[in-house]
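Beneath this line is the structure, given in structure tokens, with notes to follow.
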Amino acid sequence: MTTTIRLAADFNPFPFGRYPSHGDWNGQRFRDEWLVPALRKGEPVVVDLDGARGLSPSFLEEAFGGLVRVGFAAKDLLNQIRIKSDRDPSFIDTIQGYIRDAKAA
Numbered sequence: 000m001t002t003t004i005r006l007a008a009d010f011n012p013f014p015f016g017r018y019p020s021h022g023d024w025n026g027q028r029f030r031d032e033w034l035v036p037a038l039r040k041g042e043p044v045v046v047d048l049d050g051a052r053g054l055s056p057s058f059l060e061e062a063f064g065g066l067v068r069v070g071f072a073a074k075d076l077l078n079q080i081r082i083k084s085d086r087d088p089s090f091i092d093t094i095q096g097y098i099r100d101a102k103a104a
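Residue numbers for the sequence shown, in numbering that gives the first Met the number 0: 0 to 104.
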């Protein structure tokens, strides 16, 4: 079964920042509270970015690149996560790049 996470509806329509010190709706929180639990199920995960506004590079890198730093293999993530971004498809390549470029901690 596929898990779908709608960033704007399930998390916040205005996500911002990398760490909790940057605000409540930061990339670390999204990663730890939404992405990690979904990925641990071992099933495909669709992350729908449509509807979210102002997606900052720091938010996206921490949320997705940060998955590698907390122990997920980049190769596995690229196979398990599908990014949906009809409004701005460039986010798909950007996020895949963050995952590929991240270094394990």
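For every residue, glycine included, the Cβ atom is placed at its ideal position computed from N, Cα and C. Being a predicted model, the structure only gives us computed values, none of them experimental.
- DSSP places threonine 1 in the coil class of the three-state scheme, outside both helix and strand.
- Per the C-alpha coordinates, the member of Thr2, Pro56, Asp31 positioned closest to isoleucine 91 is Pro56.
- Inter-residue distance for tryptophan 24 and alanine 62 is about 11 Å (C-alpha atoms, whole angstroms).
- Non-local beta-carbon contacts of threonine 3 in its own chain, meaning distances under 6 Å to residues more than five positions away in sequence, involve Val45 in chain order.
- Under the three-state reduction of DSSP, valine 45 is assigned to strand.
- If the five residues before and after aspartate 49 are omitted, its C-beta is found closer than 6 Å to the C-beta atoms of Asp85, Arg86, all from its own chain and listed in chain order.
- For the segment 33-97, the continuous alpha helix (DSSP H) assignments of 4+ residues that do not extend past its boundaries occur at 35-39, 56-59, 65-68, 73-79, in sequence order.
- In summary, alanine 101 is buried, with 16 or more beta-carbon neighbours lying within 10 Å of its beta-carbon over all protein chains present.
- In this structure, the alpha-carbon of arginine 28 lies about 7 Å from that of proline 19.
- Annotation for glycine 26: the continuous alpha helix (DSSP H) segment containing it runs 26-29.
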